[in-house]
Amino acid sequence: VLLCGPVSWGEHRDALTAAGHRVTVIGSILGAVDQCRALRPAVVVLDAGDPSGDVHDTCRRLRAMGSVPIIVAARTGPDGMVDDATQLMCFAAGADDVVAGGVSPRVLRARIGAVLRRSVAGQPGAARPRVVGPFELDPETRVATLAGTPLDLTRIEFDLLGILLEQPTRVVPRDELVS
């Protein structure tokens, strides 16, 4: 999960981490696109109140990159609600969900779960990065990393590493690897 904006995300980060998510926090939405490229998060949360950037432009740029789910935390009016015009502009720019800027960590965690269930990346059987110890394999992009450093692997090496990481405590017989 990538949390972007000047909001104090501490409680949200802790709640999401406790729920099993890997969380990265950046202090501005300006870096969201670059961080999304580098980290390939399962979901991005943008603070619409960030004065350093345009949340709608950031949504459009993220959407142009792919199908990562985007949640916008928008400012609320005097009634505590996000107005219709703001929500419509966020959805038109590519957001998958819009929440009130003061959303609680529990509600944000539930909303993240909801967008992941609806997204391709959140569907059972979808190609998701597999993390085993310091290794991460992304079958969709065929990128493997070791402790965050990309590995230069051939197609066969990537496939073999994938087989070995499927059951990391099992010894895989040679015959099974070459079949």
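Counted from 1, the sequence shown has number 66 at position 64 by the numbering used here; the numbering is strictly sequential. The beta-carbon is built from N, C-alpha and C at its ideal position, and this holds for glycine as well.
Could you round the C-beta distance between residue i and residue j to whole angstroms and report it? I think they count as a contact, below 8 Å.
| i | j | result |
| --- | --- | --- |
| L32 | G55 | 5 Å |
| V267 | L4 | Any question about residue 267 goes unanswered here, given that the chain covers just 3 to 181. |
| D1 | A20 | Residue 1 cannot be examined here, being either before or after the span of the chain that is shown, 3 to 181. |
| P43 | V70 | 7 Å |
How big is the Cα-Cα spacing for residue i and residue j?
| i | j | result |
| --- | --- | --- |
| R111 | R176 | 43 Å |
| P53 | D59 | 13 Å |
| G150 | D81 | 45 Å |
| A186 | I73 | There is simply no residue 186 to check, as the chain begins at 3 and stops at 181 in what is shown. |
| L162 | L155 | 10 Å |
| C38 | L64 | 8 Å |
| V180 | A95 | 48 Å |
| M83 | R120 | 24 Å |
| G124 | G115 | Only weak support exists for where G124 lies, its pLDDT of 46 falling under 50; the coordinates are left without a value. |
Can the beta-carbon of residue i be found closer than 7 Å to that of residue j?
| i | j | result |
| --- | --- | --- |
| I28 | C6 | yes |
| L167 | V134 | yes |
| V105 | C92 | no |
| G51 | R15 | no |
Counting only the same chain and skipping the five closest in sequence on each side, list residues whose C-beta sits under 6 Å from that of residue i.
| i | result |
| --- | --- |
| E138 | P131 and T147 |
In chain order, what residues of the same chain lie with their CB nearer than 8 Å to the CB of residue i, ignoring the 5 residues before and after it?
| i | result |
| --- | --- |
| E13 | P107 |
| At what residue ranges does the region 97 to 145 contain a whole run of the alpha helix (DSSP H), taking only runs of 4 or more? | List check, alpha helix (DSSP H) in window: 107 to 120.
| task | May I have a chain-ordered list of the alpha helix (DSSP H) segments no shorter than 4 residues that lie completely inside the region 25 to 50? | result | Here the runs fully enclosed are 34 to 41.
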